[in-house]
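22 is the number of the first residue of the sequence shown in this note's numbering; add one for each residue after it.
Idealized CB from N, CA, C, for every residue including glycine.
Computed from a predicted structure; not experimentally measured.
Before any comments, here is the structure.
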Amino acid sequence: MTDGNESDTFDVGGDLTVHRLGFGAMRLTGEDIIGPPADERAARAVVRRAVDLGIDFVDTADSYGPGVSERLLGEELGGDDAVVASKAGLLRNRDGDWLPHGDPDYLRNQVLCSLDRLGTDTIDLYQFHRPDPDVDFEDSIHAFAEMKDAGQIRHVGLSNVTVEQLETAREIVDVATVQNRYNVGNRDDEDVLRACEAYDVGFIPWGPMYTVDEEGVAGTLEEVADAHDATRRQVALAWLLHHSDVTLPIPGTSSVDHLESNVAASRLSLTDGEMAALNAVDPQS
Ligand SMILES: NC(=O)c1ccc[n+]([C@@H]2O[C@H](COP(=O)([O-])OP(=O)(O)OC[C@H]3O[C@@H](n4cnc5c(N)ncnc54)[C@H](OP(=O)(O)O)[C@@H]3O)[C@@H](O)[C@H]2O)c1
Numbered sequence: 022m023t024d025g026n027e028s029d030t031f032d033v034g035g036d037l038t039v040h041r042l043g044f045g046a047m048r049l050t051g052e053d054i055i056g057p058p059a060d061e062r063a064a065r066a067v068v069r070r071a072v073d074l075g076i077d078f079v080d081t082a083d084s085y086g087p088g089v090s091e092r093l094l095g096e097e098l099g100g101d102d103a104v105v106a107s108k109a110g111l112l113r114n115r116d117g118d119w120l121p122h123g124d125p126d127y128l129r130n131q132v133l134c135s136l137d138r139l140g141t142d143t144i145d146l147y148q149f150h151r152p153d154p155d156v157d158f159e160d161s162i163h164a165f166a167e168m169k170d171a172g173q174i175r176h177v178g179l180s181n182v183t184v185e186q187l188e189t190a191r192e193i194v195d196v197a198t199v200q201n202r203y204n205v206g207n208r209d210d211e212d213v214l215r216a217c218e219a220y221d222v223g224f225i226p227w228g229p230m231y232t233v234d235e236e237g238v239a240g241t242l243e244e245v246a247d248a249h250d251a252t253r254r255q256v257a258l259a260w261l262l263h264h265s266d267v268t269l270p271i272p273g274t275s276s277v278d279h280l281e282s283n284v285a286a287s288r289l290s291l292t293d294g295e296m297a298a299l300n301a302v303d304p305q306s
């Protein structure tokens with residue numbers, strides 16, 4: 022495969038082997054991640070091309086659309102095409118706000134909806150999208166543990182959590198992954214990444230390309246990109262893959278061209294000097 026996904030692999034939950042460069046399916050929806058995509062055929066083509074390119078780890082959530090992204094994946098992906106990671110715990114309103122909702126009954130309801138839309142009996146990885154300040158965190162995690170015990174989900178993941186919350190959850194159930202915002206220009210959650218390494222938990226950095234145009238980040242990315250005839254985004258993704266063995270970046274796109282460019286980042290090999298320069302990036306300065 023010359024144009025495909027050449028990232029190495031990670032065993033999600035110890036038993037689901039995936040290439041570390043995955044795909045984020047949040048953008049296969051309408052404006053503000055509400056409703057269907059403007060061009061549903063084009064969105065379906067992105068999913069199929071992702072599989073062709075060797076992407077075998079796809080991230081979605083009940084709240085993307087809501088329901089739309091899961092439904093499209095359920096319709097386009099065959100059973101063995103990819104490990105699918107979905108989430109529950111956020112509601113959308115008409116203003117497009119993302120509202121934490123960690124009530125256990127709600128989560129139990131949502132997994133049934135996700136199973137139906139994804140067209141499966143067991144979701145590979147189901148992530149608690151965001152701790153709800155109005156619900157005891159442990160109660161929400163117990164709901165995920167029950168789903169696992171019932172066979173509705175294979176593995177439990179967390180999202181937008183602290184190290185303390187990861188450790189609290191691990192006392193209740195095995196945690197396979199953590200998904201937090203993290204990229205070359207925003208490493209606020211470096212401590213969470215390091216905890217994931219210590220526990221052999223996968224770390225899924227969302228927004229992997231958010232800071233590529235920021236002052237203090239763009240210049241260094243550009244210099245490295247020029248040396249490889251690559252783009253800033255590709256270097257940002259390659260940095261994530263080189264920075265830790267447990268990262269599973271999930272760049273999101275609604276475009277086949279962008280998808281192909283993002284997958285090409287898996288073939289970019291950065292030198293120690295380039296990694297040192299990128300590690301020294303300090304967007305706050
Ligand atoms: N857990 C959470 O709370 C959380 C929050 C946000 C996202 N996520 C997950 O993380 C995934 C990735 O996050 P994200 O989509 O927000 O951020 P991202 O992957 O860093 O960036 C996506 C944005 O970059 C554009 N893009 C992608 N590839 C490009 C390329 N090669 N050239 C130019 N533009 C490109 C996309 O537009 P085009 O569509 O035009 O390519 C889109 O606007 C999501 O799909 C979702 O699964 C999780």
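Inset, instruction - Ignoring anything shorter than 4 residues or poking outside the stretch 190-239, list the alpha helix (DSSP H) runs there in chain order. - result: The qualifying runs are 211-220.
Open item on the list: Counting beta carbon pairs with one atom in the stretch 125-134 and one in the stretch 211-226, are three or more of them shorter than 8 Å?
Closed with: no
Check whether the stretch 49-58 touches the stretch 83-94, counting contact only when three or more Cβ pairs, one atom from each stretch, lie closer than 8 Å. yes
Fill in: heavy atom of ligand 1 below 7 Å from Q200 C-beta
Translated into positions along the sequence shown, residue 200 becomes position 179. Within the cutoff, so yes.
Exercise for the section: Would you tell me roughly how many angstroms separate the C-alpha atoms of E235 and I76, rounded to the nearest one? Expected result: Here residue 235 refers to the residue found at position 214 of the sequence shown. Here residue 76 refers to the residue found at position 55 of the sequence shown. For E235 and I76, the distance between alpha carbons rounds to 28 Å.
Item to complete: Determine the burial state of M22: buried for a count of at least 16 other Cβ atoms within 10 Å of its Cβ, exposed for fewer.
Response: Stepping through the sequence shown from its first residue, residue 22 is reached at position 1. Note on M22: pLDDT 42, under 50, position unreliable in the model; the coordinate value appears next. The residue in question, M22, is exposed, as its Cβ has fewer than 16 Cβ neighbours within 10 Å.
In whole angstroms, give me the CA-to-CA distance for H40 and P152. Position 19 of the sequence shown, counting from 1, holds the residue named residue 40. Position 131 of the sequence shown, counting from 1, holds the residue named residue 152. Roughly 28 Å separates the two Cα atoms.
*Who does Q148 pair with in a DSSP beta bridge?*
The residue given as residue 148 occupies position 127 in the sequence shown. Note: Q148 sits in a beta bridge opposite K108 and G178.
- prompt: Does the beta carbon of T183 fall short of 7 Å from some heavy atom of ligand 1?
  reply: Translated into positions along the sequence shown, residue 183 becomes position 162. No, the beta carbon of T183 sits no closer than 7 Å to any heavy atom of ligand 1.
- If we ignore side chains and look at the alpha-carbon of each, how far apart do I174 and T38 end up? For the purposes of this step, residue 174 is taken as the residue at position 153 of the sequence shown. For the purposes of this step, residue 38 is taken as the residue at position 17 of the sequence shown. So the two alpha carbons sit approximately 16 Å from each other.
Using the rule of at least 16 other Cβ atoms within 10 Å of the residue's Cβ for burial, across every protein chain shown, is S306 buried or exposed?
Translated into positions along the sequence shown, residue 306 becomes position 285. Reliability of the predicted coordinates at S306 is poor, the pLDDT of 47 falling under 50, and the value obtained from them is presented with this limitation in mind. Taking every protein chain shown into account, the CB of S306 has fewer than 16 other CB atoms within 10 angstroms, so this residue is exposed.
Residues bridged to D80 (per DSSP): Numbered from its first residue, the sequence shown carries residue 80 at position 59. For D80, which the question treats as bridged, DSSP gives the partners G45 and A106.
Q.
Per the DSSP calculation, L120 is bridged to which residue(s)?
A. Along the sequence shown, read from residue 1 onward, the residue named residue 120 stands at position 99. Answer is L112, bridged to L120.
Q. Are the CB atoms of A259 and T252 nearer to each other than 8 Å?
A. Along the sequence shown, one-based indexing puts residue 259 at 238. Along the sequence shown, one-based indexing puts residue 252 at 231. In this structure, the beta-carbon distance from A259 to T252 does not fall below 8 Å.
Between the CA atoms of D80 and V104 - distance to the nearest angstrom | Here residue 104 refers to the residue found at position 83 when the sequence shown is read from its first residue. Here residue 80 refers to the residue found at position 59 when the sequence shown is read from its first residue. Approximately 9 Å, taken between the alpha carbons.
What are the uninterrupted segments assigned as beta strand (DSSP E) that are 3 or more residues long and contained completely in the stretch 261-295, given in chain order?
none
Is any heavy atom of ligand 1 found at a distance shorter than 7 Å from the C-beta of D53?
Taking the sequence shown and counting its residues from 1, one reaches residue 53 at position 32. Not so, every heavy atom of ligand 1 lies at least 7 Å from the Cβ.
Whole angstroms is fine: what's the gap from V233's alpha carbon to D145's? Position 212 of the sequence shown holds residue 233. Position 124 of the sequence shown holds residue 145. Rounded to whole angstroms, V233 to D145 spans 31 Å at the Cα level.
Worksheet item: Is the stretch 43-54 in contact with the stretch 236-244, if contact means three or more CB pairs nearer than 8 Å?
Response: no
* To do: To the nearest angstrom, report how far apart Q277 and R65 are at their CA atoms.
  => Here residue 277 refers to the residue found at position 256 when the sequence shown is read from its first residue. Here residue 65 refers to the residue found at position 44 when the sequence shown is read from its first residue. With the sequence shown as reference, residue 277 is identified as Val, and Gln is not the correct amino acid for it. Their backbone Cα atoms lie some 10 Å apart in a straight line.
Original post:
Touching or not, the stretch 197-214 and the stretch 162-170, by the rule of three or more beta carbon pairs under 8 Å?
Top reply: Counting Cβ pairs under 8 Å, fewer than three are found: no touch.
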